[in-house]
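Note that the sequence shown covers residues -35 to -1, 1 to 694 in mature numbering (1 follows the signal peptide of the UniProt record, and there is no 0). Okay, so here's the structure we're looking at.
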Amino acid sequence: MIMMGGCKKGNYMSIRFLMSGILLGGALVPSIASAQQPAEDAANTTDANASPIIVTGVRSLTVDKIPEGIAHAPQSITVISHELLEQQATSRVQDALKNVPGITFNAGEGGARGDTVNLRGFPAFNDFFLDGIRDAAIYSRDSFNLESIEVLKGPSAVLFGRGSTGGVVNQVSKAPTLTPLYAATLVGGTNNEVRATADIDQPIGSNAAIRINAMGEHSEVADRDLVRNRRWGIAPSISVGIGGPDTLTIEYLHQEENDIPDVGIPFVNGRPANVSRNFDYGLATDRFKSNVDIATGRYRHEFSNAISISNTLRYADYHFFDRFNGPNFGYVGGNAPGPTTPLDQILVGRDTPSSSGHRTNLTNQADVTANFVTGPISHTLIAGAEFGRERDNTIRYVNPFGAAGETPATPLLAPNPYEMSQIEPGKSRAVTTAFSEAAYIIDTVHLGQLFDLTGGVRFDRFAAHYRPQALVAGVSAASLVPLDHVDNVWSPRASIVFNPSAHQRIYFSYGTSFDPSAEALSLNAKTANLGPVKAKSFELGAKADWLGGRIATTAALFRTEIDNAQVTDPDHPTALVLAGNQRVDGVELGVTGHLTDKWEITAGYTYLDGKTLASTNQATVGKRLANTARNAVNLWTEYEFTEHFELGVGGNYLGKRYSDFAEQAVLPSYVIVDAMGAWSANGHLTLRVNVNNIFNKLAWQNSYYASAEENHVIPAPGRTALFTAAIKY
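Here is the structure:
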């Protein structure tokens, strides 16, 4: 019934989406066609002098969003290649992000749903994209169909729209090519992991190809006795017109998961409880399930080397169900244990914030890229329009505490995961529908070989409509009030790049971002009357290529600031106001590439000084931002000793951080070291061994802290060995 209510409007919007690309191309192309030939000459000159991009995928944001290439973009960008994912035997996007300094991991209420990260000190839960289009934060993303992962640091609203205060994570899908590929892997692990993947890339004639990627996995987590992961996925795609002026690509992604989630270990007196890390405070009947289907059509036309248009239409369908029993001291007397309470006398209550839902996203993006000349000045111009409809239909179940179905509390030192629990019938349904419309234009002016000036602006209109419905008696009338909200936001961006040589770039950039009150389709009575939270960022950086382009180095100083963060209204404690101020000052260093033909390295360092400068909660003023470590280091290096044998080693350091804004819950620093050894038999068969967390260190990774009563932290997996057999033709 809910879908029927939006059918006519949805059909109308689909037609409008398809027309947007045609209209945009028709409007912009004639106006610059007269400059086409000079632009081609300018483009050829630029290409001849450009430094090579060290790491990139077959398809990348550089095609439409950053035509000058990642190496020349006035922004810190980290690219995690498919080869690095293979070397590290990484199967999850969140695990791959350990290669990005400045990222920490959060946990959700009662347990994690999706990939929950902080980027440069700010939450980026809703800032994941798939091939440049927003990907809903509903599921745990697998890497089986990814060519690379691009992490753009700092506000990027001019390119991506809402969100992106700390940056965005863009997943780049594998695309059909004209090079045949037949590959498969089989993985077994000491964590009872069995995983298989297949990658088939088959050309059809001279300009078309099909590609199919598939994955299946059953695994557990070392030293987390209850946690289990089951998932499978398939991703077919076809491209026609490869290498020609007109390319049409149709893609489909299906992924399912059925997991027993990790609800972690509670904090006791401001630190993770001093218990064995294999203790589980959830139940064996806990579940997180998701079912994701994403269909994409992408058309690209190149009028010449100077002018191209593209249009992408996507429909994404996400189903989820979560049932958690997370630790919560509020259900055992209402208070957290005191500092003198013996551990053997502490009981841990269990909260059950369970829900199920259905999310659909319909998005159309149209982009134009043009290189042209006006007098002595050459330009690279990109412009685009985006239209979207997002609908979330979520049912929240009755929390059974206080009723006959209450989940019993469990001793801190002897948790029982086999207690009986139940979920009462659905309590309420919330249907939130959001419509987004946006247009942007960015012009980069090339002043000879020395300077590039970029200016751009984007306009976003984001309208959200919240319609609640009670499913049982007793739901308060105040929670059933329909809500509507519209945000209209301009997002500017500017930068200057100095190119002292073809292999060196120094830049200064300014960018903005905004989070509407209905971000993540979470409109409620507290936020319905609030404007968007806005951020601004300044970055001074340098990029250079060395050793003939084999090595790329980056360095950046940056400041990101929110001057109207949401905080509790001191006069009305149940309401929010835009009166907070948060700021992060930071330094980032990076190196990636080949030191020699046989020696490869990826490394990074980030220093983050994140603080709350103003808030109605004085306990947080002057304190560090939640889950933001001052120092973080990542390293991975691999050496090919012979044609058939290679070794790799790396690790991560994360400094001390606090799980909350008042510095009440501390997480100690940690170092995790991983290693890899691989032997290639004949160029087709590779046997690989990965040992993660070699020294079996206790490292607290994902954390959630709402109060001393409601909180938990999830430890990193213990020592794990993975054995991979990979075949490729």
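A virtual CB, placed ideally from N, CA and C, is assigned to each residue, including glycine.
Where residue i falls, given that 16 or more other Cβ within 10 Å makes a residue buried
i, result
"residue 587", "exposed"
"residue 188", "buried"
"residue 668", "buried"
"residue 699", "Any answer about residue 699 is impossible in this case: the structure gives the chain only from -35 up to 694."
"residue 537", "exposed"
"residue 309", "exposed"
"residue 449", "exposed"
"residue 101", "buried"
"residue 583", "exposed"
"residue 144", "exposed"
"residue 445", "exposed"
"residue 472", "buried"
"residue 608", "exposed"
"residue 508", "buried"
"residue -6", "Interpretation of residue -6 is limited by its pLDDT of 39, a score under 50 that renders its predicted location unreliable; no figure is taken from the coordinates."
"residue 180", "buried"
"residue 300", "exposed"
"residue 660", "exposed"
"residue 682", "buried"
"residue 694", "exposed"
"residue 606", "exposed"
"residue -28", "Because the pLDDT at residue -28 is just 40, under 50, the model does not fix this residue reliably, and the point stays unresolved."
"residue 562", "exposed"
Assumed close pair residue i, residue j - CB separation to whole angstroms, cut-off 8 Å
i, j, result
"residue 526", "residue 41", "Their Cβ separation, rounded to whole angstroms, is 17 Å, which puts residue 526 and residue 41 out of contact at 8 Å."
"residue 355", "residue 326", "5 Å"
"residue 335", "residue 406", "In fact, because the Cβ distance is near 11 Å, the residues do not count as touching under 8 Å."
"residue 492", "residue 543", "At roughly 10 Å, the Cβ-Cβ gap does not stay under 8 Å, so residue 492 and residue 543 are not in contact."
"residue 652", "residue 643", "7 Å"
"residue 43", "residue 616", "That pair is no contact at about 17 Å."
"residue 499", "residue 529", "6 Å"
"residue 566", "residue 519", "The pair is not a contact, with the Cβ atoms about 13 Å apart (cut-off 8 Å)."
"residue 635", "residue 650", "The Cβ separation is near 36 Å, so there is no contact."
"residue 289", "residue 317", "7 Å"
"residue 79", "residue 103", "6 Å"
"residue 610", "residue 654", "Between residue 654 and residue 610 the Cβ distance is about 12 Å, and since that is not below 8 Å, they are no contact."
"residue 700", "residue 386", "This structure gives no information on residue 700, because the portion of the chain shown stretches from -35 to 694."
"residue 173", "residue 215", "About 11 Å; that fails the 8 Å criterion."
First through last residue of the alpha helix (DSSP H) which encompasses residue i
i, result
"residue 123", "122 to 125"
"residue 323", "Per DSSP, residue 323 belongs to no alpha helix (DSSP H); it is in the beta strand (DSSP E), 320 to 339."
"residue 52", "47 to 52"
"residue 59", "58 to 61"
Extent of the continuous beta strand (DSSP E) to which residue i belongs
i, result
"residue 414", "No beta strand (DSSP E) contains residue 414, which DSSP labels as neither H nor E."
"residue 509", "498 to 511"
"residue 224", "211 to 224"
"residue 547", "541 to 559"
"residue 469", "469 to 480"
"residue 361", "342 to 362"
"residue 203", "189 to 205"
"residue 37", "Neither: residue 37 is in no beta strand (DSSP E) and is coded neither H nor E."
"residue 184", "173 to 186"
"residue 450", "448 to 466"
"residue 668", "665 to 670"
"residue 228", "No beta strand (DSSP E) holds residue 228; DSSP gives it neither H nor E."
"residue 604", "596 to 605"
"residue 568", "564 to 579"
"residue 677", "676 to 680"
"residue 70", "68 to 70"
"residue 583", "Run containing residue 583: none; DSSP gives neither H nor E here."
* Could you pull out every unbroken beta strand (DSSP E) segment of at least 3 residues lying fully inside the stretch 258 to 302, listed in chain order? => Whole beta strand (DSSP E) segments, 3+ residues: 272 to 288.
* Segment contact, 8 Å Cβ cut-off, at least three pairs: the stretch 199 to 209 with the stretch 146 to 159 -> The answer is no - the stretch 146 to 159 does not touch the stretch 199 to 209, with fewer than three Cβ pairs under 8 Å.
* **Meets three-Cβ-pair contact criterion under 8 Å: the stretch 474 to 485 and the stretch 48 to 56** => Verdict: no, contact absent.
* To do: Please confirm if the stretch 503 to 517 is in contact with the stretch 415 to 435, defined as three or more CB-CB distances below 8 Å between the two stretches.
  => Judged by Cβ distances under 8 Å, the stretch 503 to 517 makes no contact with the stretch 415 to 435, as fewer than three pairs qualify.
* Which parts of the stretch 89 to 117 are runs of the alpha helix (DSSP H), unbroken and 4 residues or longer, counting only runs that do not cross its ends? -> DSSP runs (the alpha helix (DSSP H)) wholly in the stretch 89 to 117: none.
* Should the stretch 287 to 298 be regarded as contacting the stretch 310 to 317, the criterion being three or more beta carbon pairs within less than 8 Å? -> Result yes; three or more Cβ-Cβ pairs closer than 8 Å.
* Asked: Should the stretch 428 to 437 be regarded as contacting the stretch 455 to 471, the criterion being three or more beta carbon pairs within less than 8 Å?
  -> No, the stretch 428 to 437 does not touch the stretch 455 to 471.
* Start-end ranges of the beta strand (DSSP E) lying completely within the stretch 136 to 168, minimum 3 residues -> Restricted to the stretch 136 to 168, the beta strand (DSSP E) segments that are unbroken, complete and at least 3 residues in length are 146 to 154, listed in chain order.
* Please confirm if the stretch 217 to 224 is in contact with the stretch 181 to 199, defined as three or more CB-CB distances below 8 Å between the two stretches. => Cβ pair count under 8 Å is three or more, so yes.
* Mind listing, in chain order, the continuous beta strand (DSSP E) runs of no fewer than 3 residues lying wholly within the stretch 609 to 644? => Under the rule that a run must span 3 or more residues, the beta strand (DSSP E) segments found entirely inside the stretch 609 to 644 read 610 to 619.
* Taking contact to mean at least 3 C-beta pairs separated by less than 8 Å, is the stretch 87 to 97 in contact with the stretch 130 to 141? -> The stretch 87 to 97, when compared against the stretch 130 to 141, does touch it at the 8 Å Cβ threshold.
* For the 8 Å Cβ check, are there 3 or more pairs between the stretch 422 to 430 and the stretch 396 to 403? -> With a cut-off of 8 Å, the stretch 396 to 403 and the stretch 422 to 430 count as touching, because enough Cβ pairs lie within range.
* Asked: Given 8 Å as the limit, is there contact between the stretch 56 to 71 and the stretch 373 to 382, that is, 3 or more CB pairs closer than that?
  -> These segments do not touch.
* Inside the stretch 371 to 441 only - beta strand (DSSP E) runs reaching at least 3 residues -> Runs of the beta strand (DSSP E) inside the stretch 371 to 441: 391 to 412 and 416 to 435.
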